[in-house]
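Contents: one structure, followed by commentary.
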Amino acid sequence: MRIALVCETFLPDVNGVTTTLCRLLEYLQQAGHEALLFAPQGGPGEYAGTQVVPLGAMPFPMYPEVKVTPPQPGLTAHLTAFQPDLVHLVGPVVAGAVVPFVSRNLRLPLISSYHTDFGSYSQHYGLGFLRHSVNAWLRWIHNRCHSTLCPSTYTLHALRQAGFRRLRLWGRGVDTERFHPRHRSMAWRTQFGVAPDATLLLYVGRLAAEKRLALIPEALRGLLNVHMVFVGDGPFRAELERRCAGLPVSFTGYLKGAALATAYASADAFVFPSDTDTFGQVVQEAMASGLPVVGARSGGTLDLVHEGQTGLLFAPGVVTDLRARLRQLSANPTLRQAIGNAGRTATAKRAWPVVMEELMQHYQTLHQRRRRGSRMDAAAVCA
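With positions in the sequence shown counted from 1, the corresponding number in this note's numbering is that position plus 44.
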């Protein structure tokens with residue numbers, strides 16, 4: 045197949061959307077498909093054999109990792125020259141306003157994937173009054189696509205209740221070889237001054253208000269013999285460092301590749317307080333690394349963390365409940381090991397090749413509908 049993808053965040057940005065796109069392009073190349081990617085300028089001109097067409101863009105004010113890509117010339121010409129079988133609109137924000145028009149004019153099937161709950165995020169940036177407008181805008185974009193892929197059952201049900209139509213489920217994969225317990229390193233723990241018998245808690249991701257990270261320093265107060273490591277960076281870092289003053293906490297900034305895999309495997313438990321994430325890619329990476337997860341009972345976490353089996357869930361936003369779950373794990377190494385092993389086993393069913401095959405089935409279904417429609421149109425003309 046020939047797939048054209050349009051996104052508003054890509055390399056060098058570090059986020060779940062970029063990770064998914066990179067794995068998708070790698071899969072398409074290995075499977076013998078051809079792709080063309082439209083992405084914000086500033087990234088590579090090619091990735092995994094796919095040409096990247098740069099789009100003029102500027103950072104989205106409330107979420108700088110996403111670029112605003114206003115309508116611009118060249119999209120129709122590139123699509124016409126490439127002649128794709130379908131167009132995939134990945135996490136649309138502004139580009140979604142024009143891509144459906146272009147796809148319709150070129151009679152190309154259009155599929156979208158929902159990645160980020162910008163409506164909920166707006167509340168954490170003092171823009172809660174825009175939530176309904178943001179959701180209405182996104183609904184307008186996605187409902188003009190032939191289908192919208194949701195990363196979790198929680199997100200699918202939430203969008204359906206909000207009036208989104210033609211929804212399908214497509215989860216996310218994880219690299220179970222890169223993220224593996226064998227990368228555990230006592231030296232990595234020692235650099236932070238973590239005692240051999242201490243519990244090392246880990247968070248990986250963007251340091252932003254919408255991730256509910258303010259809960260963590262409050263939850264740590266009163267816990268004994270624990271150390272918290274934050275891997276990542278973002279606009280909330282300075283405030284988070286202030287709130288963590290005097291606590292056994294370390295910050296590493298962003299880590300990639302082997303360094304990130306080592307960080308996961310060297311921890312004892314993973315903390316994910318976000319109740320706005322539509323999926324939670326880092327949760328899967330932690331599970332693949334053999335870590336028990338303590339996550340909010342909300343969002344995409346519910347598809348990944350099963351209470352008492354692959355992790356522990358706490359009431360969203362309730363710091364006392366989060367503290368109780370962390371105390372439960374920190375005091376019981378045997379429980380941590382059992383839950384971590386179960387999580388590792390569960391991720392085997394969500395390796396990237398399996399997840400990409402599911403996406404190709406969605407592509408094939410949409411492509412076949414287009415072909416059937418073309419044959420019906422041709423028959424009507426002949427009649």
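Heads up, the beta-carbon is just placed ideally off N, CA and C, and yes, glycines get one too.
Between the stretch 221 to 239 and the stretch 355 to 371, do three or more beta carbon pairs fall short of 8 Å?
no
Alpha carbon to alpha carbon, what distance is there between HIS190 and LEU152?
10 Å
Below 7 Å CB to CB, which residues in the same chain sit around LEU203 once its five sequence neighbours on both sides are set aside?
The beta carbon of LEU203 sits closer than 7 Å to the beta carbons of TYR158, CYS194 and LEU211 from its chain, once the five residues preceding and following it are set aside; these are given in chain order.
Classify ARG216: buried if its beta carbon has 16 or more other beta carbons within 10 angstroms, exposed otherwise.
Its Cβ being crowded by 16 or more others within 10 Å, ARG216 is buried.
So, is VAL398 buried or exposed, given that buried needs 16 or more other C-beta atoms within 10 angstroms?
exposed
Considering only the beta carbon of each residue, do GLY344 and ASP365 sit closer than 7 Å?
no
Would you kindly work out how many angstroms separate the C-alpha atoms of ALA422 and ARG415, rounded to a whole number?
The pLDDT assigned to ALA422 is 39, lower than 50, so where the model puts this residue is not dependable; a value taken from the coordinates is nonetheless given after this. When the Cα atoms are used, ALA422 and ARG415 turn out to be separated by approximately 11 Å.
Comparing alpha-carbon positions, which option in PRO103, LEU80, ALA75 and ALA79 lies nearest GLY86?
PRO103
What does DSSP give as the partner residue(s) for MET230 in the beta ladder?
Its beta-bridge partners do not exist; DSSP assigns none.
On the three-state DSSP scale, how would you describe PHE236?
coil
Taking the beta carbon of ARG286 as the centre, do at least 16 other beta carbons fall within 10 Å, making it buried, or is it exposed?
exposed
Local conformation of PRO98 per DSSP, three classes
strand
Whole runs of the alpha helix (DSSP H) within the stretch 123 to 198, excluding any shorter than 4 residues:
143 to 149, 162 to 165 and 175 to 186
Extent of the continuous alpha helix (DSSP H) to which VAL58 belongs:
No alpha helix (DSSP H) contains VAL58, which DSSP labels as neither H nor E.
Count the other CB atoms, across all protein chains shown, that sit within 10 Å of the CB of LYS111; report buried if there are 16 or more and exposed otherwise.
buried
Quick check: the Cα distance between ARG380 and THR354, rounded to an integer number of angstroms?
10 Å
Verify whether the separation of the beta carbon atoms of GLY135 and THR160 is less than 7 Å.
Yes, Cβ-Cβ distance for GLY135 and THR160 is below 7 Å.
Confirm, please, whether the CB-CB distance from ALA340 to ARG222 is below 7 Å.
no
Cβ-based neighbour list, CYS426, same chain, cut-off 6 Å, excluding 5 preceding and 5 following
Any reading at CYS426 must be qualified, since the residue scores a pLDDT of 35, below 50, and its modelled position is unreliable; no value is offered.
Spatial neighbours of THR220 within its chain, please: C-beta separation below 7 Å, excluding the five flanking residues on both sides.
So the list reads ALA332, THR391, ALA392 and ALA395, once near-sequence residues are dropped.
Does the stretch 237 to 244 come within contact of the stretch 141 to 150, defined as at least 3 CB pairs closer than 8 Å?
no
Give the secondary structure of ALA252 by DSSP, where H, G and I count as helix, E and B as strand, and everything else as coil.
coil
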